[in-house]
Amino acid sequence: MNNRGLIRYVFASSHTTKGYYTFIPELIKDLEQVYILKGAPGSGRSTFIRLVGEVMSEQGLEVEFWISALDSITPDGVYIPQLNLAVINGSLSASIDPRYPGIKEHLINLGEYWDQAVIDGQRLQIIELVDKIELARQKAYDLLQELGRLKAEQRRMNSRHMNIEKLGQLVKQLGSEIVANRSGEKHYFAGVLTIDGWVDYVHELSHNCQKRYIFKGPSGSGKSMMIAELARLIKDNGYFLEYYHCGLEVESLVMVIIRNLQIALIEAGSVEIPLKPWDVVVDLSLYMEDYDDDRSRESSINSRNIENLLFEARQQLEKSSTSQQELKKIYAGAMDFAGLDKIRRDLIETIRPGKP
């Protein structure tokens, strides 16, 4: 009999138009215990996290993996809700350090398990690779910043055609349908730009919902604003919400899920979602005025420019990843993985449920 716990995958970090951004500090803020792994690429952080999560799932516990913004198969953290505990990579682009060392957070320094002589022997190559990684990522962020400027311009042009009064009426109508409990919220990214291109979990995370409101329309038609306003109304009624932000623009919402109602609000402007019979599709272009073919063509040209910038930014992330893989090989060759395995087994023994 298979008693494995539910495993789900979400993005907690992203490369955005304003640089690297992560929700992990916010997600761990109220947890009882957090184990923070520090170390270089190749020191075994992601393997450590993945194996802890797999063991906990085998013991019947629910597990939530927080997936890397660079590589969609690498975890940056694992959260076990029943234990109110997480194990995370603390050496991300935005470093995460203990706030209450030894009380709530426990630091595990993987640097203690490498052979310093091997590292010293690769000193110049390590410096060169780190510099290449930083340069490629900065170029990617510069491209994403320009992309953000184009998206803002596109929204500005189209938002002039929104009928605010009609959108306000729609918010009230849909709000009364949805809200007919525990208040609170969590924040993630709906999708991110990785070395494999754009990856999102919108359909996977929402497909079990009994009802999905899917908002369509051109950029600037009010899709994200509509979701944010509906989310505010629902939260005011005491419901717990999961917010899924745009991987490029943190301030924009792509999806909100109300788990205890099994309802999802989804912005489908740039996301392909297989429709289900019970989905409600709301076309916000019907709430725009004087939006003619010329505006539509101008918006399409802007969209193509945005796609080109996304492609160029992805190429820079690929360059960064290539250098990082070379860096991982150096550090992996210096690691005492047997010692690291013992630390992981000790941790699992410490946190597993039902221990004596």
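In this note's numbering, the protein residues as written are 286 to 641. Even glycine gets a Cβ: it sits at the ideal position worked out from N, Cα and C. All figures in this text were calculated on a predicted structure; none of them were measured in a lab.
Exercise. Identify which residue in Lys627, Met573 and Asp427 has its Cα closest to the Cα of Glu450.
Key: Stepping through the sequence shown from its first residue, residue 450 is reached at position 165. With distances taken between CA atoms, Glu450 lies nearest to Met573 out of Lys627, Met573 and Asp427.
Exercise. Compute the beta-carbon to beta-carbon distance between Gly329 and Phe622, rounded to the nearest angstrom, for a pair I have assumed lies under 8 Å.
Key: Taking the first residue of the sequence shown as 1, we reach residue 329 at position 44. Taking the first residue of the sequence shown as 1, we reach residue 622 at position 337. With a Cβ gap of about 6 Å, Gly329 and Phe622 count as contacting.
Practice problem: Report yes if the C-beta distance between Pro326 and Lys613 is below 8 Å; otherwise report no. | Solution: Walking along the sequence shown from the start, residue 326 turns up at place 41. Walking along the sequence shown from the start, residue 613 turns up at place 328. The answer is yes: Cβ separation under 8 Å.
Quiz item: What separation, rounded to the nearest whole angstrom, lies between the Cα atoms of Glu407 and Ile615?
Solution: Position 122 of the sequence shown, counted from the start, is the residue given in the question as residue 407. Position 330 of the sequence shown, counted from the start, is the residue given in the question as residue 615. The sequence as given places Gln at residue 407; Glu does not occur at that position. Ile615 has its alpha-carbon roughly 7 Å from the corresponding atom of Gln407.
Self-check item: Residue(s) in a DSSP beta bridge with Arg497
Solution: Here residue 497 refers to the residue found at position 212 of the sequence shown. Residue pairing by DSSP places Arg497 opposite Ala549 in a beta bridge.
Quiz item: Quick one, are the C-beta atoms of Gly290 and Ser342 less than 8 Å apart?
Solution: The sequence position of residue 290 within the sequence shown is 5, counting from 1. The sequence position of residue 342 within the sequence shown is 57, counting from 1. It is a contact, given that the beta carbons lie within the stated cut-off.
Quiz item: When the distance is taken between beta carbons, is Tyr528 closer than 8 Å to Val295?
Solution: Here residue 295 corresponds to residue number 10 of the sequence shown, with the count starting at 1. Here residue 528 corresponds to residue number 243 of the sequence shown, with the count starting at 1. Cβ atoms of Val295 and Tyr528: not closer than 8 Å.
Quiz item: Secondary structure at Lys323, three-state DSSP: helix, strand or coil?
Solution: One-based indexing of the sequence shown puts residue 323 at position 38. Note: Lys323 maps to strand in three-state DSSP.
Quiz item: What does a CB cutoff of less than 7 Å around Pro383 pick up in its chain, not counting 5 residues either side in sequence?
Solution: As a working note, residue 383 is residue 98 in the sequence shown. Excluding residues up to 5 positions away in sequence, Ile321, Glu390 and Leu392 lie with their Cβ nearer than 7 Å to the Cβ of Pro383 in the same chain.
Quiz item: According to DSSP, is Leu429 helix, strand or coil?
Solution: Taking the sequence shown and counting its residues from 1, the one referred to as residue 429 is at position 144. Residue state, collapsed to three classes: helix.
Practice problem: Just mark Glu311 as buried or exposed, buried being the case when its beta carbon has 16 or more other beta carbons within 10 Å. | Solution: Numbered from 1 along the sequence shown, position 26 holds the residue referred to as residue 311. Exposed, by the Cβ-count rule.
Quiz prompt | Beta-carbon gap between Leu478 and Leu377 smaller than 8 Å | solution = Along the sequence shown, one-based indexing puts residue 478 at 193. Along the sequence shown, one-based indexing puts residue 377 at 92. No, the pair does not count as a contact, with Cβ atoms beyond the cut-off.
Self-check item: Of the residues Ile586, Ile512, Arg497 and Asn545, the one placed nearest Trp563, counting alpha carbons only
Solution: Locating residue 563 in the sequence shown gives position 278, where the first residue counts as 1. The option with the nearest alpha carbon to Trp563 is Arg497.
Quiz item: Where are the beta strand (DSSP E) runs, 3 residues long or more, that stay fully inside the stretch 293–340, in chain order?
Solution: Entirely contained in the stretch 293–340, the beta strand (DSSP E) runs reaching 3 residues are, in chain order, 298–301, 304–307 and 318–323.
Quiz item: Measuring CA to CA, which of Asn545, Leu518, Val541 and Ile309 is closest to Glu553?
Solution: The sequence position of residue 553 within the sequence shown is 268, counting from 1. Note that residue 553 is Ala in the sequence shown here, rather than Glu. Answer by Cα proximity: Val541.
Quiz item: Does the Cβ of Val539 have 16 or more other Cβ atoms within 10 Å, making it buried, or fewer, making it exposed?
Solution: Taking the first residue of the sequence shown as 1, we reach residue 539 at position 254. In summary, Val539 is buried, with 16 or more beta-carbon neighbours lying within 10 Å of its beta-carbon over all protein chains present.
Quiz prompt | Under 8 Å between C-beta atoms of Gly532 and Ala475 | solution = Residue numbering aside, residue 532 sits at position 247 when the sequence shown is read from its first letter. Residue numbering aside, residue 475 sits at position 190 when the sequence shown is read from its first letter. Closer than 8 Å, so yes.
Quiz prompt | Boundaries of the beta strand (DSSP E) in which Val372 is found, first to last residue | solution = In the sequence shown, the residue the question calls residue 372 occupies position 87. Per DSSP, Val372 belongs to the beta strand (DSSP E) from Leu370 to Asn374.
Quiz prompt | Of the residues Thr302, Ile313, Gln410 and Glu557, the one placed nearest Val487, counting alpha carbons only | solution = As a first step, residue 487 is located in the sequence shown; it is residue number 202 there, counting from the start. Closest option to Val487, Cα to Cα, is Glu557.
Quiz item: Alpha carbon to alpha carbon, how far is Asn590 from Phe596?
Solution: For the purposes of this step, residue 590 is taken as the residue at position 305 of the sequence shown. For the purposes of this step, residue 596 is taken as the residue at position 311 of the sequence shown. Cα to Cα, Asn590 sits roughly 10 Å from Phe596.
Exercise. For Ile388, count neighbouring C-beta atoms within 10 Å of its own C-beta (all shown protein chains included) and say buried if the count is 16 or more, exposed if not.
Key: Along the sequence shown, read from residue 1 onward, the residue named residue 388 stands at position 103. Classification for Ile388: exposed.
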